[in-house]
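J.: Here the sequence shown is numbered in the working numbering, starting from 54 and rising by one per residue.
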Amino acid sequence: MSPKALSFVAKSGTGKTTLLEKVISELKSRGYRIGVVKHDAHRFDIDHPGKDSHRLTAAGADTMLISSPEKLALVKKHAEALPITELLATYFGDVDLVLTEGFKKSGLPKIEVHRQERSATLLCRGEENDPTLVAVASDEALELDVPVLDLNNPAQVADFVEKTFLA
Numbered sequence: 054m055s056p057k058a059l060s061f062v063a064k065s066g067t068g069k070t071t072l073l074e075k076v077i078s079e080l081k082s083r084g085y086r087i088g089v090v091k092h093d094a095h096r097f098d099i100d101h102p103g104k105d106s107h108r109l110t111a112a113g114a115d116t117m118l119i120s121s122p123e124k125l126a127l128v129k130k131h132a133e134a135l136p137i138t139e140l141l142a143t144y145f146g147d148v149d150l151v152l153t154e155g156f157k158k159s160g161l162p163k164i165e166v167h168r169q170e171r172s173a174t175l176l177c178r179g180e181e182n183d184p185t186l187v188a189v190a191s192d193e194a195l196e197l198d199v200p201v202l203d204l205n206n207p208a209q210v211a212d213f214v215e216k217t218f219l220a
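1) Just to confirm the assignment, what range does the beta strand (DSSP E) spanning V210 have?
2) Do F61 and E170 have their beta-carbon atoms positioned less than 7 Å apart in this structure?
3) Let me check one thing: in DSSP terms, what residues is D153 bridge-paired to?
4) Count the C-beta pairs between the segment 201-211 and the segment 184-191 that are closer than 8 Å, then say yes if the count reaches three, no if not.
5) Taking only three categories from DSSP, how would you classify V166?
6) Since L161 contacts A58 with CB under 8 Å, what's their CB separation in whole angstroms?
7) Can the beta-carbon of V151 be found closer than 7 Å to that of L141?
8) With 16 as the cutoff for other CB atoms within 10 Å, does L135 come out buried or exposed?
9) Beta carbon of V166, beta carbon of K69: below 7 Å?
10) Is it right to say E123 is buried, meaning 16 or more other beta carbons lie within 10 angstroms of its own, or is it exposed?
11) Measuring CA to CA, which of A63, T217, S106 and A132 is closest to D149?
12) Which partner residues does I77 have in the DSSP bridge list?
13) Just the Cα atoms here: how many angstroms apart are I119 and I137?
14) Restricting to Cα atoms, I'd like to know which of C177, R178 and E133 is closest to D93.
15) Within this structure, are the beta carbons of D147 and K130 separated by less than 7 Å?
16) Do you know offhand how far R108's Cα is from P102's?
17) Among the candidates E215, K163 and K104, whose CA atom is the shortest distance from the CA of A63?
Printed below as a string of structure tokens:
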């Protein structure tokens, strides 16, 4: 069974990560277990040349896990991006909610982050009308068919997330 999940989406440079940091902190202070998936459309490498884990992966390991008393990291090669639903079901069974950054084309419910100075248009309303949009966190008043939350009030955003996905 997959955990509940919610995507924060926006155009690059709008402040998704900054808002997510604050919402995660707020939800953690309320006692929730939170998972996060960051979508990266580009290639990334969490290993560093010279480290044993990087050397083992570079040698051809298809799956490499590094573990310490406090955390673990898994590097798993695959031929194509896995569906978000598979990632959630496989890795997040121990959390109350998974927040994702990105995955704007997924079927997950979404909060769009909107900053007036960054863009006059929304991703999920306008040319496209994404039915999975549940709210917009904005720094300007907007007339929409979904709640508009104050981008600069992460506690209000966390209240909405808690009421809608954790109650």
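Backbone N, C-alpha and C fix where the C-beta goes; we use that ideal spot for every residue, glycine too.
T.: By the coordinates alone:
1) For the purposes of this step, residue 210 is taken as the residue at position 157 of the sequence shown. Where V210 is concerned, there is no enclosing beta strand (DSSP E), although the alpha helix (DSSP H) it sits in stretches over P207 to V214.
2) In the sequence shown, the residue the question calls residue 170 occupies position 117. In the sequence shown, the residue the question calls residue 61 occupies position 8. No, they are not a contact pair.
3) Along the sequence shown, one-based indexing puts residue 153 at 100. The amino acid occupying residue 153 in the given sequence is Thr; Asp does not appear at that position. Beta-bridge pairing links T153 to S60 and V90.
4) yes
5) Numbered from its first residue, the sequence shown carries residue 166 at position 113. Strand.
6) Within the sequence shown, residue 161 is the residue found at index 108, counting from 1. Within the sequence shown, residue 58 is the residue found at index 5, counting from 1. Rounded, the Cβ-Cβ distance is 5 Å, consistent with contact.
7) Working through the sequence shown from its first residue, we reach residue 151 at position 98. Working through the sequence shown from its first residue, we reach residue 141 at position 88. Contact flag set, yes.
8) Locating residue 135 in the sequence shown gives position 82, counting from the first residue. So L135 counts as exposed.
9) On the sequence shown, position 113 is the one that residue 166 refers to. On the sequence shown, position 16 is the one that residue 69 refers to. Closer than 7 Å, so yes.
10) Locating residue 123 in the sequence shown gives position 70, where the first residue counts as 1. Counting Cβ neighbours within 10 Å, E123 comes out exposed, since fewer than 16 surround it.
11) Locating residue 149 in the sequence shown gives position 96, where the first residue counts as 1. Among A63, T217, S106 and A132, the Cα nearest to that of D149 belongs to T217.
12) Walking along the sequence shown from the start, residue 77 turns up at place 24. Note: I77 sits in no beta bridge, so no partner.
13) The residue given as residue 119 occupies position 66 in the sequence shown. The residue given as residue 137 occupies position 84 in the sequence shown. If you take the alpha carbons of I119 and I137, they lie about 23 Å apart.
14) Position 40 of the sequence shown, counted from the first residue, corresponds to residue 93. Among C177, R178 and E133, the Cα nearest to that of D93 is on E133.
15) Translated into positions along the sequence shown, residue 147 becomes position 94. Translated into positions along the sequence shown, residue 130 becomes position 77. Not a contact, by the Cβ cut-off of 7 Å.
16) Numbered from its first residue, the sequence shown carries residue 108 at position 55. Numbered from its first residue, the sequence shown carries residue 102 at position 49. Whole-angstrom Cα-Cα distance: 7 Å.
17) The residue you call residue 63 lines up with position 10 of the sequence shown. The shortest Cα separation from A63 among E215, K163 and K104 belongs to K163.
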